[in-house]
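Working notes, beginning with the structure itself.
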Amino acid sequence: MNHPIVRYILLFSLLLPAHLPLRAQVINWGNLQDGQRHWINAHTGAQYGMVFGLGYAYQLADSEFPVIANAAYSFPSGNNLLDDFKAKLGTQVRLLQMNDFHFAVKAHGIFRGYENELVRLLNWGMDLSGTIGYYRPSWFVAGEAGFDKAISTRFKHTDTYKKQYPDVKDGWYAPATGGNFNYGLQGGVSFGRHDITLSGGGLLQEDFKKKPLLPFYLLLGYNYRW
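Encoded structure:
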């Protein structure tokens with residue numbers, strides 16, 4: 001475990017889940033309306049500089065347990081869109097409603113990439129989370145918590161790194177390589193077909209002891225519904 005290559009792989013595997021914060025699209029469960037099944041979302045936040053993202057969501061069911069499918073893409077400011085990115089695809093489901101209190105869960109598959117002068121990383125993983133809060137048609141506030149797990153990561157090393165460590169091997173590294181818990185608050189206001197949302201909180205690595213280099217997330221979002 002003291003070999004520099006092993007330490008290097010572990011370091012970047014642990015950092016990757018925290019790179020490019022991407023929370024699922026924030027939904028006002030108290031303002032689901034007939035005839036408004038579609039959402040488009042834009043969001044920006046602070047992590048390793050400014051981060052921008054776009055998303056789309058579609059409500060699949062109007063039942064007691066509404067299901068919303070969504071996809072999102074996030075990238076950092078100033079970079080090629082294909083260098084560093086994070087894409088997410090999954091669903092959100094409201095499981096419980098008691099008057100204006102709602103509880104919802106989210107499950108997403110994740111594909112992300114990260115590149116520097118030493119390596120190109122491609123990773124797939126999962127994100128499981130839940131929200132519970134007070135939702136009104138015009139505003140809401142809720143707590144959120146989740147777990148972002150990097151399951152397998154592909155390393156493509158640059159010539160610069162291979163000159164220093166010629167025995168390094170490219171390829172997929174498994175089993176699971178790292179993960180982070182997130183916890184915080186989200187809230188917003190709704191008017192007409194529009195939502196303005198804010199979410200923020202902290203990050204903690206899966207051993208419950210260490211934190212990422214930048215141990216927080218903060219996202220400002222806008223939804224348009226039709």
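Per the numbering used here, the sequence shown starts with residue 1, numbered consecutively.
Glycine included, C-beta positions come from ideal geometry on N, C-alpha and C.
Just so we're clear, the structure is a prediction, and the values are computed from it rather than from any experiment.
Host beta strand (DSSP E) of Thr-91 (start-end): Walking along the sequence shown from the start, residue 91 turns up at place 91. Note, Thr-91: beta strand (DSSP E), 85–98.
Give me, in chain order, the residues of the same chain whose beta-carbon lies closer than 8 angstroms to that of Thr-158; leave out the 5 immediate sequence neighbours on both sides. Taking the first residue of the sequence shown as position 1, residue 158 is located at position 158. Cβ within range, chain order: Glu-117, Leu-118, Val-119 and Arg-120.
Residues sharing a beta bridge with Trp-39, DSSP: Translated into the one-based positions of the sequence shown, residue 39 becomes position 39. According to DSSP, Trp-39 bridges with Ala-57 and Arg-225.
Pro-137 vs Arg-94 beta-carbon contact at 8 angstroms: Within the sequence shown, residue 137 is the residue found at index 137, counting from 1. Within the sequence shown, residue 94 is the residue found at index 94, counting from 1. Result no, Cβ atoms of Pro-137 and Arg-94 do not sit closer than 8 angstroms.
Beta-carbon separation of Gly-45 and Tyr-217 under 8 angstroms? Taking the first residue of the sequence shown as position 1, residue 45 is located at position 45. Taking the first residue of the sequence shown as position 1, residue 217 is located at position 217. In contact: Gly-45 and Tyr-217 (Cβ atoms closer than 8 angstroms).
Across which residues does DSSP place Tyr-135 in a beta bridge pair? Looking up residue 135 in the sequence shown gives position 135. Tyr-135 is bridged to Phe-140.
Whole angstroms are fine: how far does the CA of Phe-101 sit from the CA of Gly-130? For the purposes of this step, residue 130 is taken as residue 130 along the sequence shown, with counting starting at 1. For the purposes of this step, residue 101 is taken as residue 101 along the sequence shown, with counting starting at 1. In a straight line, the C-alpha of Gly-130 is about 14 angstroms away from that of Phe-101.
Nonlocal neighbours in the same chain, by C-beta distance under 7 angstroms from Lys-162, ignoring five residues either side: Translated into positions along the sequence shown, residue 162 becomes position 162. Closer than 7 angstroms at Cβ, skipping near neighbours: Val-168.
Under a three-way DSSP split, which group does Thr-160 fall into? Taking the sequence shown and counting its residues from 1, one reaches residue 160 at position 160. Correct three-state label for Thr-160: helix.
Since Leu-214 contacts Phe-181 with CB under 8 angstroms, what's their CB separation in whole angstroms? By one-based count along the sequence shown, residue 214 stands at place 214. By one-based count along the sequence shown, residue 181 stands at place 181. That pair is no contact at about 15 angstroms.
Locate the beta strand (DSSP E) running through Tyr-165, then write down its first and last residues. Indexing the sequence shown from 1 puts residue 165 at position 165. Taken as a continuous stretch (DSSP letters only), Tyr-165 belongs to no beta strand (DSSP E), as it is neither H nor E.
May I ask you to list the residues that DSSP assigns as paired with Glu-117? Position 117 of the sequence shown, counted from the start, is the residue given in the question as residue 117. Its beta-bridge partners do not exist; DSSP assigns none.
Can the beta-carbon of Lys-88 be found less than 8 angstroms from the beta-carbon of Ala-72? Start at 1 with the first residue of the sequence shown, and residue 88 comes out as number 88. Start at 1 with the first residue of the sequence shown, and residue 72 comes out as number 72. Taking 8 angstroms as the Cβ cut-off, Lys-88 and Ala-72 qualify as a contacting pair.
So, using beta-carbon positions, are Gly-30 and Phe-155 closer together than 8 angstroms? On the sequence shown, residue 30 is found 30 positions in, with the first residue counted as 1. On the sequence shown, residue 155 is found 155 positions in, with the first residue counted as 1. No.
Pull up the distance between the alpha-carbon of His-43 and that of Tyr-135, whole angstroms please. On the sequence shown, residue 43 is found 43 positions in, with the first residue counted as 1. On the sequence shown, residue 135 is found 135 positions in, with the first residue counted as 1. Approximately 21 angstroms, taken between the alpha carbons.
Which value, in whole angstroms, describes the spacing of the CA atoms of Tyr-183 and Pro-166? The count along the sequence shown starts at 1 and reaches residue 183 at position 183. The count along the sequence shown starts at 1 and reaches residue 166 at position 166. Cα-Cα distance, rounded: 41 angstroms.
Opposite Asp-148 in the DSSP bridges: which residues? Here residue 148 refers to the residue found at position 148 of the sequence shown. DSSP output for Asp-148 lists Asp-127 and Asn-180 as bridge partner(s).
Distance, Ala-150 Cα to Gly-55 Cα: On the sequence shown, position 55 is the one that residue 55 refers to. On the sequence shown, position 150 is the one that residue 150 refers to. Looking at the two C-alpha atoms, the distance is approximately 21 angstroms.
Find the nearest neighbour of Trp-172 within the set Leu-122, Gly-143, Asp-195 and Lys-209, judged by alpha-carbon distance. As a working note, residue 172 is residue 172 in the sequence shown. Nearest option by C-alpha distance: Leu-122.
On the three-state DSSP scale, how would you describe Asn-31? Counting from 1 along the sequence shown, the entry for residue 31 is found at position 31. DSSP places Asn-31 in helix when its eight states are reduced to three.
Rounded straight-line distance, which links the Cα of Asp-195 to that of Thr-160: For this step, residue 160 is matched to residue 160 along the sequence shown. For this step, residue 195 is matched to residue 195 along the sequence shown. Using only the alpha carbons, I get a separation of about 47 angstroms.
Close beta carbons around Asp-170, own chain, < 7 angstroms, minus the five adjacent residues each side: Position 170 of the sequence shown, counted from the start, is the residue given in the question as residue 170. Contacts found: Phe-155, Lys-156 and His-157.
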